[in-house]
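Numbering (UniProt numbering), first residue to last: 1 to 246.
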Amino acid sequence: MTNLQDQVVIITGASSGIGEETAKELSSKGAKLVLAARREDRLQELANKVNDDGGHAIYKATDVTNYDEMEELAEFAQNELGQIDAIVNNAGLMPLSLLNKQKVKEWDQMIDVNIKGVLYGISAVLPHMRERKQGHIINISSVAGHVVFPGSAVYSGTKFAVRAITDGLRMEESAESKIRATIISPGAVSTELTSTITDEDVKGGVDELYEQAITPDSIARTIRYALEEPAEVTINEIVVRPTDQT
Ligand code: NDP
């Protein structure tokens with residue numbers, strides 16, 4: 001088992017939902033955290049809570065769609081905490097809509113955050129991890145990265161892409177540099193994620209689905225489990241969903 005004590009973990013999208021719960025869960029096991037998202041006030045509040053509870057968290061306001069900011073985040077982690085053991089590329093958006101609504105701006109945002117943000121996160125930490133010949137990259141996909149439903153075409157496209165990118169990363173790096181790559185694919189989880197949906201024709205169905213949503217601590221525990229496996233063990237993917245979600 002990998003002891004998370006003093007392991008340095010970067011978490012993107014740490015200002016709410018799954019990222020925030022993951023920070024609390026990993027901190028309870030002694031991990032040192034680098035929290036990233038755009039809302040600095042939320043990051044500060046979370047870091048204060050973690051540190052007051054005896055943990056160790058620092059934070060940096062970061063937009064994952066900005067490559068320079070992602071590189072600066074990795075440098076910040078390296079300079080402040082001396083190493084990068086893992087990154088959880090968790091930041092994401094889900095403004096679901098039917099294609100005929102032509103919400104092109106929302107498509108662009110999803111592609112930028114959900115796909116490019118993950119790629120930038122990988123690129124920012126890869127040189128550090130390759131040099132040490134160790135590291136763990138966890139990318140958050142979705143059940144919607146396995147199945148498509150009306151309204152999820154673009155979101156699902158981004159989450160299928162996250163799975164493809166993570167599988168490719170594992171194939172390229174695991175034997176060569178011992179870097180582990182894991183996909184976590186949640187089902188419906190009660191967070192702020194659905195708040196960006198502007199298509200009223202999709203919203204009703206989503207609200208119904210989310211009546212069964214599980215709480216984000218369940219995903220946080222799953223991420224911890226994947227991180228705690230010994231270095232020679234890679235969890236390729238875990239799908240975690242509400243028992244009632246069909
Ligand atoms: P939340 O909306 O609660 O959290 C999303 C996080 O992403 C926030 O911290 C937000 O921070 C951050 N974020 C969004 N855009 C950017 C950006 N440009 N740069 C940096 N951070 C950004 O939703 P969840 O916790 O549910 O989502 C976390 C991940 O889980 C996402 O990838 C989502 O797709 C995935 N997921 C969630 C499911 C669910 O049902 N909740 C199901 C399956 C997958 P800020 O606004 O401060 O930048």
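Even glycine gets a Cβ: it sits at the ideal position worked out from N, Cα and C.
Whole angstroms is fine: what's the gap from S156's alpha carbon to E173's?
-> Note on geometry: alpha-carbon atoms of S156 and E173 lie some 25 Å from one another.
Do I140 and the ligand NDP come close, with the Cβ less than 8 Å from some heavy atom?
-> Flag set: Cβ of I140 near the ligand NDP.
Does the segment 39 to 54 come within contact of the segment 101 to 110, defined as at least 3 CB pairs closer than 8 Å?
-> Verdict: no, contact absent.
Specify, as a first and last residue, the run of the alpha helix (DSSP H) that T22 falls within.
-> For T22, the enclosing alpha helix (DSSP H) stretches over residues G17 to S28.
Can you say whether Q5 is buried or exposed, counting buried as having 16 or more other CB atoms within 10 angstroms of its CB?
-> Answer is exposed; the Cβ neighbour count stays below 16.
C-alpha gap between V9 and A220, whole angstroms | Distance between the alpha carbons of V9 and A220 is about 13 Å.
Would you mind working out which of I18, D53, T12 and G17 sits nearest S27, comparing C-alpha positions?
-> Comparing Cα-Cα distances from S27 to each of I18, D53, T12 and G17, the minimum goes to D53.
Beta-carbon gap between H136 and R163 smaller than 9 Å = Taking 9 Å as the Cβ cut-off, H136 and R163 do not qualify as a contacting pair.
Report yes if the CB atom of V118 is closer than 9 Å to the CB atom of N89, and no otherwise.
-> V118 places its beta carbon less than 9 Å from that of N89.
Nearest to Q7 by alpha carbon, out of M171, V34 and E192?
-> Closest option to Q7, Cα to Cα, is V34.
Give a single yes or no on whether R163 has its beta carbon closer than 8 Å to a heavy atom of the ligand NDP.
-> No - the ligand NDP has no heavy atom lying nearer than 8 Å to the Cβ of R163.
Cβ-based burial, S152 [other Cβ within 10 Å; buried from 16] | With 16 or more Cβ atoms within 10 Å of its Cβ, S152 is classed as buried.
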